[in-house]
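Colleague: One structure, as structure tokens, below. Some questions next.
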Amino acid sequence: MAQDQHRSARTLETVARACDVIDTLDALGGAGVTEVATELDIAKSSAHAYLNTLREKRFVVKKGHQYHLSLEFLYLGKSVRHRHVLFAHGKSVVDQLASESGEYVHLMAEQHGLERNVYKVAGENAVGDTYHTAKERKTDFLHFTSTGKAVLAHLPESRVRDIVDTHGLLQKTENTITDLETLFEELETVRNRGYAVNDEEEVKGIRAVGAPIRNANGTVLGAISVSGPSSRFTGEYLHKEVPHMVKEAANVTEASINMSDASQSL
């Protein structure tokens, strides 16, 4: 695994390398000292030292000659999610929207110019369990998802350009937007109508509708979406019924967040 991230002048090399070790164990599903050393192009003694340190701090467990990430990450992940403002105020909304629509519903936030799934629920008619579960374990690009475009539409243009400069415009399907000016035109459309559409831009045969979630100051916090097969997502259902449900869910979440914030000043 090539570790090609550029270290900044202020990066602490030992901390950065420890993170590389964690990423390697995650990618390989566990590894021995030699494998880690080879993947990171470091001495076996260094790999052993990092693994033992992580083990002492309970982030790694050893099974035979193999090292694996510990359940400590599970607890940390749950703690981070439960403290996130979108999860705290949006979980029940997502649950209700999944029940109402019968489709997959996603709640996401943008971090480091990428999409992170905060919470997802499958409605009774939802399709693609394997794909949606895999998405939960990784970051995704913003330009081809409905939630991503809903967020990009409410970021400053300079920020959008920075994100594209950093991550590019990867083509996933023949419908994916891969040109920056075309993307800006799409984002203007999103702002004007209040929701974004993923028109088979991520997966052929799947469409989605996403709406932004913003705080009282207008800062975009994330987005919520409903997705399903293109055979169902057509006509008024795609352009009226689903957008209405999604925008209403976004508004309810925003109201909950804003009321919570306002209560702090009472």
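Under the UniProt record's numbering, the very last position in the sequence shown is 266; numbers go up by exactly one each time. Note that beta-carbon positions come from the ideal geometry of N, C-alpha and C, so glycine has one too. Bear in mind that the values here come from a model prediction, so they are computed numbers and not experimental data.
1) Put K247 into one of helix, strand or coil per three-state DSSP.
2) Taking DSSP's pairing of strands, which residues face M108 in a bridge?
3) Per DSSP, H68 is paired with what?
4) Out of curiosity, what's the CA-to-CA distance linking A262 and R58?
5) Three or more beta-carbon pairs under 8 Å between the region 111-122 and the region 168-185, yes or no?
6) Between the region 151-169 and the region 126-137, do at least 3 Cβ pairs fall closer than 8 Å?
7) Does DSSP put G102 in a helix, in a strand, or in coil?
8) Is there contact here, the region 70-83 with the region 101-108, by at least three beta-carbon pairs under 8 Å?
9) What number of angstroms, rounded off, separates the C-alpha of G90 from the C-alpha of S101?
10) Kindly indicate which residue of T145, V93, H167 has the alpha-carbon position closest to the one of G123.
11) From the DSSP secondary-structure annotation, give me the bridge partner or partners of A122.
12) Return the residue from the list F233, L221, Y237 that minimises the CA-CA distance to F87.
13) T147: buried (16+ other C-beta within 10 angstroms of its C-beta) or exposed?
14) Only counting the same chain, and skipping five residues up and downstream in sequence, which positions put a Cβ closer than 6 Å to that of I68?
15) Three-state secondary structure (DSSP) at N175?
16) Bridge partners for A77 per DSSP, in chain order?
17) Less than 8 Å between the C-beta atoms of A211 and A150, yes or no?
18) With DSSP run on the structure shown, which of helix, strand or coil describes N217?
19) Would you say N258 and N215 are within 8 Å of each other, going by their C-beta atoms?
20) Helix, strand or coil for R161 per DSSP?
21) Is T38 near the ligand PLP, in the sense that its beta carbon is under 7 Å from a heavy atom of that ligand?
22) Can you confirm whether A223, when its beta carbon is compared against all beta carbons of chain C, has any partner nearer than 8 Å?
23) What separation, rounded to the nearest whole angstrom, lies between the Cα atoms of N125 and F73?
24) Starting from V197 and walking both ways along the alpha helix (DSSP H), at which residues does that stretch end?
Modeller: For this structure:
1) Here residue 247 corresponds to residue number 247 of the sequence shown, with the count starting at 1. In the structure shown, K247 sits in a helix (DSSP, three-state: H, G or I).
2) Locating residue 108 in the sequence shown gives position 108, counting from the first residue. DSSP lists N117, A223 as the bridge partner or partners of M108.
3) Residue numbering aside, residue 68 sits at position 68 when the sequence shown is read from its first letter. Note: H68 sits in a beta bridge opposite V61.
4) Residue 262 sits at position 262 when you count from the first residue of the sequence shown. Residue 58 sits at position 58 when you count from the first residue of the sequence shown. Each residue's Cα considered, the two are about 40 Å apart.
5) Contact between the region 111-122 and the region 168-185 is absent: fewer than three C-beta pairs spanning the two stretches fall below 8 Å.
6) Note that the region 151-169 does not touch the region 126-137; fewer than 3 beta-carbon pairs, one per stretch, sit closer than 8 Å.
7) Position 102 of the sequence shown, counted from the first residue, corresponds to residue 102. G102 falls in the coil class under three-state DSSP.
8) The region 70-83, when compared against the region 101-108, does not touch it at the 8 Å Cβ threshold.
9) To locate residue 90, count along the sequence shown from 1; it is residue 90. To locate residue 101, count along the sequence shown from 1; it is residue 101. Pairing G90 with S101, the inter-Cα distance amounts to about 16 Å.
10) As a position in the sequence shown, residue 123 is number 123, starting the count at 1. Minimum Cα distance to G123 is reached at V93.
11) For this step, residue 122 is matched to residue 122 along the sequence shown. As DSSP reads the structure, A122 sits in a beta bridge with Y104.
12) As a working note, residue 87 is residue 87 in the sequence shown. Here the closest residue by C-alpha is L221.
13) For the purposes of this step, residue 147 is taken as the residue at position 147 of the sequence shown. T147 comes out buried.
14) Working through the sequence shown from its first residue, we reach residue 68 at position 68. Checking the sequence, you will find His at residue 68 rather than Ile. If we look at H68 and ignore the five residues flanking it on each side, its Cβ neighbours are G30, V61.
15) By 1-based counting over the sequence shown, the position of residue 175 is 175. DSSP, reduced to helix, strand and coil, places N175 outside both helices and strands of the structure shown, so it counts as coil.
16) Residue 77 sits at position 77 when you count from the first residue of the sequence shown. Sequence inspection shows Gly at residue 77; the Ala mentioned does not correspond to that position. Looking at the DSSP assignment, G77 forms no beta bridge with any residue, so it has no partner.
17) By 1-based counting over the sequence shown, the position of residue 211 is 211. By 1-based counting over the sequence shown, the position of residue 150 is 150. In this structure, the beta-carbon distance from A211 to A150 falls below 8 Å.
18) Numbered from its first residue, the sequence shown carries residue 217 at position 217. Correct three-state label for N217: coil.
19) The residue you call residue 258 lines up with position 258 of the sequence shown. The residue you call residue 215 lines up with position 215 of the sequence shown. Between N258 and N215, the C-beta gap is smaller than 8 Å, which places the two residues in contact.
20) Mapped onto the sequence shown, residue 161 falls at position 161. Of the three classes helix, strand and coil, the one that applies to R161 here is helix, per DSSP.
21) The ligand PLP is absent from the structure shown, which contains no ligands of any kind.
22) Among the chains in the structure shown there is no chain C, since it carries only a single protein chain.
23) Reading the sequence shown from its first residue, position 125 is the one you call residue 125. Reading the sequence shown from its first residue, position 73 is the one you call residue 73. Rounded to the nearest whole angstrom, the CA to CA distance from N125 to F73 is 32 Å.
24) Indexing the sequence shown from 1 puts residue 197 at position 197. DSSP places V197 outside any alpha helix (DSSP H); the residue lies instead in the beta strand (DSSP E), whose first and last residues are 196-199.
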